[in-house]
Ligand SMILES: NC(=O)c1ccc[n+]([C@@H]2O[C@H](COP(=O)([O-])OP(=O)(O)OC[C@H]3O[C@@H](n4cnc5c(N)ncnc54)[C@H](O)[C@@H]3O)[C@@H](O)[C@H]2O)c1
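See below:
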């Protein structure tokens, strides 16, 4: 059993999700993969840091992230701050020779992510980005269908990630609306997840042509205030994509998608079959194979089941629900397996940099209203 001492930076939604996943992973996978010990938490908001310390059981707390990255006891720095701080915290973590687990997106620019990916490779430490949708057993199954050739030659990807969390225009400005904190809007927040799945299953996007719109350009400065502040980034993004494997695609994301709660939905069409997945119906994958005797009836449903990578950690038989936090448990297990058993992992900083390169090309294309190559 190896103890892995965690230093958490940012104790909001994801800080809590990571911590509970770290505790659950040990229950499910056993202590041989490492046991998380909650050493220190830092949050810019003192009250949030205190609550996290009390609820999660961190030994110490701080309001300064530097106390975490310089702490000699910390083995793994877990970054769950707003996007803009990922770069500075991850860079300092790497410079101190520590392992790093960073929420997505890796940073707010392709340049920053490139620097982080290069520094991580140079330092030789574990460098993990939290693109948890790649851990969903459904997406692992789709990847296997695509990469084994069962769908034939892949012709087309269509996908959107839609939520209506910001449809209410009276909701105040948050860090997600301010570019120096978020980098961009729906694209970085939601679209990047879809890009991670697309990258994981289909490989690189080589060129994009995008457009954006901001439906609510102003929001109250704080809840109930009549003073308004500018929303600096897109509520909706949509773009055409050309894949390196020759497929064509359309990709979109919206944070004001009326009626959509967590609609990460995509379809991949190949010459021998097609597949469709919707995260609002997490337990079901729709498949169609030309070779099926009954293919005339159209798509059929495959329920998540133990043959799919990751599923059997939770359930012994098919069709039993798994949920969002389970993806995070699989993610921290993969991270711990890398730390303690040197096992491979896909979502390293290089992967994060690939996503951020695509994000940068999409934003550039929307600005220029033209096709842009993903460099
Ligand atoms: N993987 C996913 O599915 C997923 C889901 C939601 C959010 N995220 C990502 O997680 C990150 C955090 O998002 P969230 O929804 O948890 O945000 P949040 O607003 O709930 O929490 C962020 C926390 O960071 C703290 N903070 C802000 N600046 C800080 C600083 N300089 N030092 C220390 N703490 C600081 C805030 O006080 C807050 O407690 C974002 O990068 C976001 O993109 C990922």
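In my numbering, the protein residues as written are 12 to 386.
Ideal placement from N, C-alpha and C gives every residue a C-beta, glycine not left out.
Only a predicted model underlies this, so the values are computations on that prediction, with no experimental measurement involved.
Quiz item: Where does the unbroken beta strand (DSSP E) through residue 2 begin, and where does it stop?
Solution: Look at the range of the chain in this structure, 12 to 386, and you will see that residue 2 is not part of it.
Practice problem: On a CA-only basis, which of 331, 304, 98, 19 is nearest residue 315? Give me that one, please. | Solution: Counted from its first residue, the chain shown places residue 315 at position 304. Answer by Cα proximity: 331.
Quiz prompt | Whole-angstrom distance between residue 182 and residue 175, CA atom to CA atom | solution = Position 164 of the chain shown, counted from the first residue, corresponds to residue 175. Position 171 of the chain shown, counted from the first residue, corresponds to residue 182. Residue 175 and residue 182 have their C-alpha atoms some 12 Å from each other.
Quiz item: Under 8 Å, do residue 92 and residue 80 count as touching if we go by C-beta distance?
Solution: Taking the chain shown and counting its residues from 1, one reaches residue 92 at position 81. Taking the chain shown and counting its residues from 1, one reaches residue 80 at position 69. In this structure, residue 80 does not lie closer than 8 Å to residue 92 by Cβ.
Quiz item: Any heavy atom of ligand 1 closer than 7 Å to the CB of residue 357?
Solution: The residue you call residue 357 lines up with position 346 of the chain shown. Answer for residue 357: no, Cβ out of range of ligand 1.
Quiz item: Name the DSSP bridge partner or partners of residue 11?
Solution: There is simply no residue 11 to check, as the chain begins at 12 and stops at 386 in what is shown.
Quiz item: Mind checking whether residue 13 and residue 351 have CB atoms under 8 Å apart?
Solution: Residue mapping note: residue 13 aligns to position 2 of the chain shown, counting from 1. Residue mapping note: residue 351 aligns to position 340 of the chain shown, counting from 1. Yes.
Exercise. Enumerate in chain order the residues of its own chain whose CB-to-CB distance from residue 382 is below 6 Å, with the five nearest sequence positions on each side excluded.
Key: As a first step, residue 382 must be located in the chain shown, where it is residue number 371. Closer than 6 Å at the Cβ level, and outside the excluded window around residue 382, lie 218, 220.
Quiz item: Under the criterion of a Cβ to heavy atom distance below 7 Å, does residue 200 qualify as lining ligand 1?
Solution: Here residue 200 refers to the residue found at position 189 of the chain shown. Distances from the CB of residue 200 to the heavy atoms of ligand 1 include at least one below 7 Å.
Exercise. Return yes when the Cβ of residue 281 is within less than 8 Å of the Cβ of residue 170, no when it is not.
Key: Working through the chain shown from its first residue, we reach residue 170 at position 159. Working through the chain shown from its first residue, we reach residue 281 at position 270. Going by C-beta atoms, residue 170 is not nearer than 8 Å to residue 281.
Quiz item: How is the alpha helix (DSSP H) around residue 221 delimited, first residue to last?
Solution: Here residue 221 refers to the residue found at position 210 when the chain shown is read from its first residue. Note, residue 221: premise wrong, no alpha helix (DSSP H); beta strand (DSSP E) at 216 to 224.
Quiz prompt | Closest by C-alpha distance to residue 135, when choosing among 111, 179, 148, 368 | solution = Numbered from its first residue, the chain shown carries residue 135 at position 124. With distances taken between Cα atoms, residue 135 lies closest to 111.
Quiz item: Where does residue 296 land, buried or exposed, given buried means 16+ other C-beta within 10 angstroms?
Solution: For the purposes of this step, residue 296 is identified with residue 285 of the chain shown, where counting begins at 1. Counting of Cβ neighbours within 10 angstroms places residue 296 among the buried residues, the total reaching 16 or more.
Exercise. Please confirm whether residue 85 and residue 109 have their CB atoms less than 8 Å apart.
Key: Along the chain shown, read from residue 1 onward, the residue named residue 85 stands at position 74. Along the chain shown, read from residue 1 onward, the residue named residue 109 stands at position 98. Taking 8 Å as the Cβ cut-off, residue 85 and residue 109 qualify as a contacting pair.
Exercise. Report whether the distance from the Cβ of residue 25 to the nearest heavy atom of ligand 1 is below 7 Å.
Key: Your numbering for residue 25 matches position 14 in the chain shown. Of the heavy atoms belonging to ligand 1, at least one sits nearer than 7 Å to the Cβ of residue 25.
Quiz item: Quick one: Cα of residue 375 to Cα of residue 42, how far?
Solution: To locate residue 375, count along the chain shown from 1; it is residue 364. To locate residue 42, count along the chain shown from 1; it is residue 31. One C-alpha to the other measures close to 46 Å.
Quiz item: To the nearest whole angstrom, what separates the beta carbons of residue 343 and residue 19, a pair I think is in contact under 8 Å?
Solution: If you number the chain shown from 1, residue 343 lands on position 332. If you number the chain shown from 1, residue 19 lands on position 8. The Cβ separation is near 12 Å, so there is no contact.
Quiz item: For residue 306, which three-state DSSP category applies?
Solution: Position 295 of the chain shown holds residue 306. Residue 306: helix per DSSP, three-state reduction.
Quiz item: Beta carbon of residue 93: closer than 7 Å to some heavy atom of ligand 1?
Solution: Position 82 of the chain shown, counting from 1, holds the residue named residue 93. Here the distance from the Cβ of residue 93 to the nearest heavy atom of ligand 1 is below 7 Å.
Practice problem: Could you tell me if residue 115 is buried or exposed, where buried requires 16 or more neighbouring beta carbons within 10 angstroms of its beta carbon? | Solution: Your numbering for residue 115 matches position 104 in the chain shown. Residue 115 should be labelled buried.
Exercise. Kindly list the residues whose CB is nearer than 7 Å to the CB of residue 130, restricted to its own chain and excluding five residues on each side of it in sequence; keep chain order.
Key: Numbered from its first residue, the chain shown carries residue 130 at position 119. Setting aside the 5 residues that flank it on each side, residue 130 is surrounded in the same chain by 102, 105, each with a C-beta closer than 7 Å to its C-beta; the list follows chain order.
Quiz item: Roughly how many whole angstroms lie between the Cα atoms of residue 214 and residue 319?
Solution: Residue mapping note: residue 214 aligns to position 203 of the chain shown, counting from 1. Residue mapping note: residue 319 aligns to position 308 of the chain shown, counting from 1. Here the alpha carbon of residue 214 sits roughly 20 Å from the alpha carbon of residue 319.
Exercise. Kindly examine ligand 1 and report whether one of its heavy atoms sits closer than 7 Å to the Cβ of residue 240.
Key: As a working mapping, residue 240 is identified with position 229 in the chain shown. Exclusion of residue 240 from the 7 Å shell around ligand 1 follows from its C-beta lying no nearer than that to any non-hydrogen atom of the ligand.
Quiz prompt | Assigned secondary structure, residue 323 (DSSP; H/G/I helix, E/B strand, else coil) | solution = Here the question's residue 323 lines up with position 312 in the chain shown. Residue 323 falls in the helix class under three-state DSSP.
Quiz item: CA-CA distance, residue 172 and residue 59?
Solution: Looking up residue 172 in the chain shown gives position 161. Looking up residue 59 in the chain shown gives position 48. Roughly 29 Å between the two C-alpha positions.
Self-check item: Three-state secondary structure assigned by DSSP to residue 284
Solution: Taking the first residue of the chain shown as position 1, residue 284 is located at position 273. Note: residue 284 maps to strand in three-state DSSP.
Quiz item: Could you check where the alpha helix (DSSP H) with residue 364 kicks off and where it finishes?
Solution: Within the chain shown, residue 364 is the residue found at index 353, counting from 1. Segment 360 to 379, the alpha helix (DSSP H) holding residue 364.
Practice problem: For my contact list, residue 246 and residue 265 are in at a C-beta cut-off of 8 Å; report their separation, rounded to the angstrom. | Solution: One-based indexing of the chain shown puts residue 246 at position 235. One-based indexing of the chain shown puts residue 265 at position 254. About 7 Å separates the beta carbon of residue 246 from that of residue 265, a gap short enough to meet the 8 Å contact definition.
Practice problem: Report whether the distance from the Cβ of residue 141 to the nearest heavy atom of ligand 1 is below 7 Å. | Solution: The sequence position of residue 141 within the chain shown is 130, counting from 1. For residue 141, the shortest separation between its Cβ and any heavy atom of ligand 1 lies below 7 Å.
Practice problem: Can you give me the Cβ contacts of residue 224 inside the same chain, cut-off strictly under 7 Å, excluding the 5 residues immediately before and after it? | Solution: Within the chain shown, residue 224 is the residue found at index 213, counting from 1. In the same chain as residue 224, and ignoring 5 residues on each side of it, the C-beta atoms closer than 7 Å to its own belong to 245, 246, 247, in chain order.
Quiz item: What are the partner residues of residue 384, as DSSP defines its beta bridges?
Solution: Indexing the chain shown from 1 puts residue 384 at position 373. Within the DSSP secondary-structure output, residue 384 pairs in a beta bridge with 218.
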